[in-house]
Amino acid sequence: MHADQRRQPAQHRRSFLLRASDRLRNLLISKPPAEAQARRFHQEIHDFAKGGVTLFWQRQGIYSGAALLCGVYYSWPLAAFCYLLVQAADLFDNTICYQVIQRTDHSLRHSQRLLRRLSWANALSAASVATFTLLLARLEGPGEHFMSLFFVFAAGLFAAVNNHQLPQILALRLITYGCVFIYIPVSDILRENAPLESKLWLHFATALFVLYFVLECAAIFLRMYQRTLDHMDELRSERDKARAGYELKSQFVSVVSHELRTPLTSISGALSLLRETDLAQNPDSAGRMLDIAHKNSKRLGKLINDLLDIQKMEARKMVYDFAPVELGALIAEAAQSITPYASQRDITVRTSPPADPLWVRGDHQRLMQVLDNLLSNAVKFSHEGSYIELVARLEDGCARLEVRDYGIGIPPESSHLVFGMFQQVDASDKRKFEGSGLGLSIAYQITEDHGASLDFDSKQGEGSCFFAVFPLCDTEENTRVELPQPATAN
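Each residue of the sequence shown is one higher than the one before, starting from 85 at the first, in my numbering.
Structure below.
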């Protein structure tokens, strides 16, 4: 037992070290961004490289001026050595920036590789500036570090203003310069064993204050850049929405024109034949023409009603008369309503009512509309001579309505189109099955407005099952509900 007690602290220390090493690895090694952030990552790395190339000559002027001052007032050999060191690091950094700008491979993996190269180049550049500053500080002597501290302050401020596109590189540079900025006054205090009243402590406090200022500037520029990217993403999203709306409008025109053309052609042809036919001599032919015109006029009426329903739903102006509805009676009425249409295709409608009455709170007319859309779809996509099933049952304390067919099914790649407006698996002008692509979208919205859910299971070639799950109700109160309209700006 004592051995177990001794092992537990050791295991705890080991797990603590593992967690700490994982956190350190996550900080030092940049992970590839998620797919949703890939576009922003590409923008950030491109902006960073473009800024680096643009500021090349500005950096050259800064390095030349610093080396000239160091040579005149301190040491020409030191100035030459540090100038060459800084130039070598800066040229390497500039070469990587050109590789980023001129790249042809825009894959995420290649971008990650370029980011690692940029990180190494900026680490070398920051180290060369830090080396220059530390060597200069040694020549200046204790308490005489105006030039060295000003150089490292300028380097930190330059990074805060110009390296904010990539936070990991900005952090790398600021940590390097910050450590140098603190090390110089601290080393003076330790070397001189300075008391608190010494000005060396004042230099240390001033360095902390200036370092805070540089960090605050970096945070401000980083937030500004991130907000700019956010605005760009919003504009891009609005552009994509406008493009999607235009495509939806084009698809709407295509679908509706197709749905209008066929019945109008039939009605026009029937009326033309009626006008040219002697009704007294051909009563049977006249009756058939009238049946065709009547059928297609009903089809036009349904399309118009669907468009009006969609308009009401988008404007949140749908009105529901909620009352307790018994699902057994509802599916019997729906089956009776769809039977004439199903009989035309030699399809049988089978119902399976619940063992006990199931009451849900709903609008009877709208629930019939949902079932009519689901059943007509099931009939349309079933094989002639087959059957469809309409089931209501209790499941997990809720009422479940099912409409099942054994027809062609829905391809997996088209499942996302099922409940979309004006969306069909085959939306071409030569599609086999007629329809506006509004029925299932309307059924889905009505079900949602009833506090229920509508979903489906399907296997291509084996059929589909659409099911709606409703909460049960036991109230007898009838309620008229109008959906709240969206708030409008004053």
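Even for Gly, the Cβ is constructed at its ideal location relative to N, Cα and C.
For residue i, collect the residues of the same chain with a Cβ closer than 7 Å to its Cβ; drop the 5 residues on either side in sequence, then sort them by chain order.
i    : result
K134 : I185
P116 : Note that P116 scores a pLDDT of 43, beneath 50, so its modelled location is shaky; the value from the coordinates is reported in the next line. Excluding positions up to five away in sequence, the list reads L192, Q196.
D489 : A462, F465, S466, I472, G547, S548
Y528 : F503, L538
D447 : Y404, D405, F406
Y330 : none
Q171 : Y147
Y309 : H248, Q249
S159 : L223
K396 : M402
Whole-angstrom Cβ separation of residue i and residue j, contact assumed at under 8 Å?
i    : j    : result
V463 : I415 : With 8 Å as the limit, V463 and I415 do not qualify as a contact, their Cβ atoms being about 15 Å apart.
E236 : T217 : The amino acid occupying residue 236 in the given sequence is Val; Glu does not appear at that position. At roughly 5 Å, the Cβ-Cβ gap stays under 8 Å, so V236 and T217 are in contact.
V433 : I472 : 6 Å
L84  : I394 : For the chain, the structure presents residues 85 to 574; residue 84 sits outside this window and is missing.
L451 : V487 : Not really, about 13 Å apart at Cβ, beyond 8 Å.
L198 : I129 : 6 Å
L220 : C154 : 6 Å
L299 : L233 : Not really, about 16 Å apart at Cβ, beyond 8 Å.
P269 : L284 : 7 Å
L256 : S203 : 7 Å
L411 : P438 : 6 Å
F132 : L250 : 5 Å
H194 : R200 : Wrong, their Cβ atoms sit about 11 Å apart, outside the cutoff.
I351 : S381 : 6 Å
In the DSSP assignment, what are the bridge partners of residue i?
i    : result
P408 : R445
P555 : C482
F540 : F550
R400 : According to DSSP, R400 bridges with nothing at all.
V475 : S436, E486
Skipping 5 residues on each side, what residues in its chain have a beta carbon closer than 8 Å to that of residue i?
i    : result
L606 : Any property of residue 606 remains undetermined from this structure, which presents the chain solely from 85 to 574.
D52  : Outside the shown range of the chain, which is 85 to 574, sits residue 52, and nothing can be said about it.
M588 : There is simply no residue 588 to check, as the chain begins at 85 and stops at 574 in what is shown.
L112 : For L112, the predicted structure reports a pLDDT of 42, less than 50, and the residue's modelled location is therefore unreliable. A value from the coordinates is still provided. Here the set comprises nothing.
L254 : A243, A244, N247, H248, A302, L306
D390 : S520, L522, G523, I526
V137 : N178, C181, Y182, I185
R146 : For the sequence presented, residue 146 should be read as Ile rather than Arg. A238, F242.
Y157 : M231
K325 : none
Leaving out five residues on either side along the sequence, give the residues of the same chain with a beta carbon under 6 Å from the beta carbon of residue i.
i    : result
T290 : none
L108 : At L108 the pLDDT is 40, less than 50, meaning the model places this residue with poor confidence; the figure from the coordinates comes in the next sentence. Here the set comprises nothing.
E151 : Looking at the sequence itself, residue 151 is Ala, so the reference to Glu does not match. Here the set comprises A163, Y167.
A173 : L208, S209, S212
S436 : V475
A552 : L485, T531, A536, L538
A239 : V213, Y261
E468 : R429, D430
V495 : Residue 495 is actually Pro in this sequence, not Val. Only Q544 meet the Cβ criterion.
N110 : Caution applies to N110, whose pLDDT of 48 falls short of 50 and renders its modelled position unreliable; the value that the coordinates give is listed next. Excluding sequence neighbours, N110 sits near nothing in its chain.
D541 : C549
H534 : G446
F265 : V236, A291, L295
H287 : P269
A205 : F176, D177, I180
Tell me whether residue i counts as near the ligand FMN, meaning its Cβ is closer than 6 Å to at least one heavy atom of that ligand.
i    : result
G547 : Ligands in the displayed structure: none, and consequently the ligand FMN is not present.
Inset, instruction - Go through the segment 416-464 residue by residue and report every complete run of the alpha helix (DSSP H) that reaches 4 residues or more, in order. - result: 448-464
Legend entry - Cβ pair count under 8 Å reaching 3, the segment 372-387 against the segment 396-404: No, the segment 372-387 does not touch the segment 396-404.
Inset, instruction - Evaluate the contact criterion for the segment 276-294 versus the segment 223-233: three or more CB pairs, one atom per stretch, below 8 Å. - result: Counting Cβ pairs under 8 Å, three or more are found: they touch.
Inset, instruction - For the segment 432-447 and the segment 472-490, state whether three or more C-beta atom pairs, one from each stretch, are separated by less than 8 Å. - result: Inter-segment contact for the segment 432-447 and the segment 472-490 is present: three or more beta-carbon pairs are separated by less than 8 Å.
Inset, instruction - Please determine if the segment 549-557 and the segment 423-431 are in contact, where contact requires at least 3 C-beta pairs separated by less than 8 Å. - result: no
Inset, instruction - Determine, using beta-carbon pairs with one atom in the segment 282-302 and one in the segment 312-331, whether at least three such pairs fall under 8 Å. - result: no
Inset, instruction - Could you name each continuous alpha helix (DSSP H) segment of 4 residues or more that falls completely within the segment 192-259, going from the start of the chain to the end? - result: 192-224, 230-246
Legend entry - Runs of alpha helix (DSSP H) lying entirely within the segment 137-179, each at least 4 residues, in chain order: 140-157
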